[in-house]
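For reference, the structure discussed in these notes is given below.
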Amino acid sequence: MTNHDPMLELEEYGHNVVTGTQAAVPPNGSQGGVLKPASNSGSIESPGPDTKLRADLKERHVNMIGFSTVLGVGLFLSSGKVLYMAGPLLALIAYLVVGTLMWSTMASMGEMTALFPVKGPMFEFVRRFVDESAGYACAWMMWINCVIVAAAELLAVTEIFRFHVDPAYLQRIEYPQPSVEWTSTEDVDPAAWVVVFLIVILLINLLPVRRYGELEYIFGSVKISFLVALIMINVILNARRKFHADAFWTWETPWGYKSQNFTVKAVTDDNPNGVVYEGSLATFTSLWTAMGTAFFSLMGWDIILLTAPENRDLNKNETVKISSRKIALRVLLLYSLAVFTVGLNVPYNEQGLQDATTYGISGGQNSPFVLSALLEHVPFLPHFLNGFFIFSATTTAINSLYSASRLLHAIASLNGAWPKWGWVEAIRSRLEITKWGVPMISVFASWLVAFLAFLARKPVGNVRSTSSETLGRMITVAQTCTLIIYAMNCFTFLLFYRERRNNRSYPYQSHLQWIRALYGLVFCLLLILFSGWRTLVPPFNADDFVASYIAIVIFLVLTAAYFFSTRGFNPRNWELRAERFSGLQAIGPIVVQNPNQRRGELLWPRQDGVYAKKAMALLEWIWVWLK
1 MTNHDPMLEL
11 EEYGHNVVTG
21 TQAAVPPNGS
31 QGGVLKPASN
41 SGSIESPGPD
51 TKLRADLKER
61 HVNMIGFSTV
71 LGVGLFLSSG
81 KVLYMAGPLL
91 ALIAYLVVGT
101 LMWSTMASMG
111 EMTALFPVKG
121 PMFEFVRRFV
131 DESAGYACAW
141 MMWINCVIVA
151 AAELLAVTEI
161 FRFHVDPAYL
171 QRIEYPQPSV
181 EWTSTEDVDP
191 AAWVVVFLIV
201 ILLINLLPVR
211 RYGELEYIFG
221 SVKISFLVAL
231 IMINVILNAR
241 RKFHADAFWT
251 WETPWGYKSQ
261 NFTVKAVTDD
271 NPNGVVYEGS
281 LATFTSLWTA
291 MGTAFFSLMG
301 WDIILLTAPE
311 NRDLNKNETV
321 KISSRKIALR
331 VLLLYSLAVF
341 TVGLNVPYNE
351 QGLQDATTYG
361 ISGGQNSPFV
371 LSALLEHVPF
381 LPHFLNGFFI
391 FSATTTAINS
401 LYSASRLLHA
411 IASLNGAWPK
421 WGWVEAIRSR
431 LEITKWGVPM
441 ISVFASWLVA
451 FLAFLARKPV
461 GNVRSTSSET
471 LGRMITVAQT
481 CTLIIYAMNC
491 FTFLLFYRER
501 RNNRSYPYQS
511 HLQWIRALYG
521 LVFCLLLILF
531 SGWRTLVPPF
541 NADDFVASYI
551 AIVIFLVLTA
561 AYFFSTRGFN
571 PRNWELRAER
581 FSGLQAIGPI
591 VVQNPNQRRG
601 ELLWPRQDGV
611 YAKKAMALLE
621 WIWVWLK
């Protein structure tokens, strides 16, 4: 099979990014889920049932969908676990380091998607450049990840509703109110909340994508405004000096900027002595484990790539580039500030923070942001924060179901990903059907799997795991799935990079991106291999070990099943099957208003003394990165 030069394809397919001129547009010869730009009506007519998604999302919708997806319960609840494990400074470092990993992988996937906006880019490029069996396995892994995250967010909602702060703790810190709890919801069966919120996320995902985008724009704006306000509140609480004279009191003795020890195994009946590391070993292991926990808080960036087939602004110059860099800037800046400011008000060993030795995630009473309000004696704020955590988890669950449905719709367009059975083919063809541009059957099928949230039912009889532990293990599986997908896409970019040219005609091109892709690949592999290292420390915990590594087994089994089903067991037939650029269609035409300036670059007018034009250039640059 002849490999095509993507730069020649760009010229052949009729657009010049630098000048913005348009040539002939090729006939529709796309394969493997590659999309042509949508018509002005938002859909493309085709005989038979409609299988097309509508390009009705604007760039501002995509930006806020991305941020809203990332900001779930991870930051608000898991950050307490990170702070407990590592201390305030190392917790900040953990988020920054993991942020560079997300930024590197996002840039790798974003560059490929900007040039070829395929359906399901996280698995389609793996299928094309590595091997079709690995691509199909990645497709199902990504779908499993999304439905697990949706279920986990709903499971977290049931935990958040059980809001109850220990009265003894309130008495110890001399909080002005004798109790802080939600008595009306604490004893409600979690299944009731699961039913209510499952219905909510389903109804919103059945909306036409334009209305969905507007709703998510509102949700994202509320969440980003809330996070900014939360950072400011913690700064103000610290500046009051009500209980401590020094702003960095939590960094000083007897606390410190890093944890003094790291509890690997808690004291239990089976392990009366526990396992505790001290010294440099404690510093290293606590930082490494904290990075793994912080990764969950940052998952979800890739949704802006999944929206590519429904993004009406793809033909604007560099929309994927701006969106991916914008979410990286927002998340890294705001998350780092949030962790830093709350760490100024809550010591890392505060009683209310979560025990790092468990895989569970509990409710809002263990959030460092709630504890900050309690320690500073702010009334009513803990209740408000807990309510917002429910809103944040719900909106992330909505977006996770959106991602799962679009992934399943994309998988349905690949015949090779499905067994060759009649009833399976009937299901596949129905999953591909859309109504008003929404893959409703794919939405409903993904929604059914989200019923895993019913694991939130209170334990009965001899059931060992609480819903909190179940949530923690579900999150662990989702993390490993995501790490596998990211590692495969970083490797894919390195293969893609071999065909790349240093030409400004690329819609998205980052300097030394191959180094970032290599960094992302190695980092992801290390996190995958050592994610469950604590489970191997005696006494062995089988449940947590399975949660840490089951995703690897699933990926290998799926890849092997696809590989041997098409190539058999004869080693002579074990060649890699990768279509590479065959059938791919570049987007175009891309409209560039200024051929000498790329979007997101601040270019001052050359004339001296033209203050109005300079001010306008500055405002336009700020608006590009804010909207």
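In full-length UniProt numbering, the protein residues as written are 1 to 627. Where a beta carbon is used, it is the ideal one built from N, C-alpha and C, also for glycine.
Closest by CA to residue i, which one among the options?
| i | options | result |
| --- | --- | --- |
| residue 163 | 179, 231, 149, 350 | 179 |
| residue 70 | 202, 403, 187 | 403 |
| residue 138 | 526, 481, 525, 517 | 481 |
| residue 150 | 573, 490, 454 | 454 |
| residue 51 | 563, 556, 432, 565 | 432 |
| residue 334 | 232, 384, 211 | 232 |
| residue 144 | 527, 573, 400 | 400 |
| residue 376 | 243, 498, 311 | 243 |
| residue 121 | 570, 575, 520, 485 | 485 |
| residue 306 | 425, 65, 271, 555 | 65 |
| residue 374 | 524, 238, 419 | 238 |
| residue 56 | 615, 420, 309, 423 | 309 |
| residue 202 | 441, 537, 483, 229 | 441 |
| residue 496 | 268, 565, 93, 127 | 127 |
| residue 563 | 204, 451, 134, 572 | 134 |
| residue 469 | 264, 550, 363 | 363 |
| residue 411 | 123, 130, 88 | 123 |
| residue 538 | 87, 94, 264, 191 | 264 |
| residue 63 | 54, 575, 325 | 325 |
| residue 350 | 393, 256, 443 | 256 |
| residue 550 | 279, 529, 451 | 529 |
| residue 230 | 343, 575, 443 | 343 |
| residue 555 | 140, 535, 261 | 140 |
| residue 420 | 223, 234, 165, 566 | 566 |
| residue 220 | 174, 167, 391, 129 | 391 |
| residue 434 | 422, 452, 196, 409 | 409 |
| residue 525 | 483, 535, 534 | 483 |
Rounded to the nearest angstrom, how far is the Cβ of residue i from that of residue j, given a contact under 8 Å?
| i | j | result |
| --- | --- | --- |
| residue 225 | residue 513 | Incorrect: roughly 33 Å between the Cβ atoms, too far for contact. |
| residue 413 | residue 446 | That belief does not hold up - the Cβ atoms of residue 413 and residue 446 are roughly 16 Å apart, past 8 Å. |
| residue 266 | residue 471 | The Cβ separation is near 18 Å, so there is no contact. |
| residue 353 | residue 115 | About 45 Å separates the two Cβ atoms, so there is no contact after all. |
| residue 101 | residue 532 | With 8 Å as the limit, residue 101 and residue 532 do not qualify as a contact, their Cβ atoms being about 18 Å apart. |
| residue 327 | residue 304 | 6 Å |
| residue 314 | residue 571 | No, residue 314 and residue 571 are not in contact; Cβ-Cβ is about 43 Å, not under 8 Å. |
| residue 119 | residue 312 | Incorrect: roughly 16 Å between the Cβ atoms, too far for contact. |
| residue 493 | residue 85 | 32 Å between Cβ atoms; not a contact. |
Would you check if the distance between the CB atom of residue i and the CB atom of residue j is smaller than 8 Å?
| i | j | result |
| --- | --- | --- |
| residue 428 | residue 543 | no |
| residue 415 | residue 160 | no |
| residue 132 | residue 397 | no |
| residue 331 | residue 371 | no |
| residue 68 | residue 395 | yes |
| residue 449 | residue 188 | no |
| residue 436 | residue 425 | no |
| residue 142 | residue 407 | yes |
| residue 287 | residue 527 | no |
| residue 158 | residue 182 | no |
| residue 369 | residue 74 | no |
| residue 98 | residue 298 | yes |
| residue 184 | residue 516 | no |
| residue 348 | residue 88 | yes |
| residue 389 | residue 76 | yes |
| residue 258 | residue 285 | no |
| residue 206 | residue 553 | no |
| residue 72 | residue 393 | yes |
| residue 217 | residue 61 | yes |
| residue 80 | residue 366 | yes |
Kindly examine the ligand GDP and report whether one of its heavy atoms sits closer than 7 Å to the Cβ of residue i.
| i | result |
| --- | --- |
| residue 340 | The model depicted lacks the ligand GDP and carries no ligand whatsoever. |
Is the region 249-258 close to the region 325-341, with three or more CB pairs under 8 Å?
no
Touching or not, the region 281-298 and the region 476-494, by the rule of three or more beta carbon pairs under 8 Å?
yes
Contact between the region 203-212 and the region 167-183: three or more CB pairs below 8 Å?
no
Any contact of the region 372-382 with the region 271-282, i.e. 3+ C-beta pairs under 8 Å?
Contact between the region 372-382 and the region 271-282 is not established, with fewer than three Cβ pairs separated by less than 8 Å.
Examine the Cβ distances between the region 483-491 and the region 93-110 and report whether three or more of them are shorter than 8 Å.
yes
So within the region 294-348, which uninterrupted alpha helix (DSSP H) runs reach at least 4 residues, ignoring any that extend past its ends?
Taking only runs of at least 4 residues, the alpha helix (DSSP H) segments lying wholly in the region 294-348 are 303-306, 319-343.
In the region 170-225, which residue ranges form an unbroken alpha helix (DSSP H) of at least 4 residues, counting only runs that do not cross its ends?
190-205
At 4 residues or longer, what runs of the alpha helix (DSSP H) sit wholly inside the region 415-464?
422-431, 440-449
Taking only runs of the beta strand (DSSP E) that begin and end inside the region 51-85, which ones reach a length of at least 3 residues, in chain order?
Counting only runs of 3 or more, we get nothing.
Any beta strand (DSSP E) of 3 or more consecutive residues that is wholly inside the region 243-296:
Here the runs fully enclosed are 261-265, 275-278.
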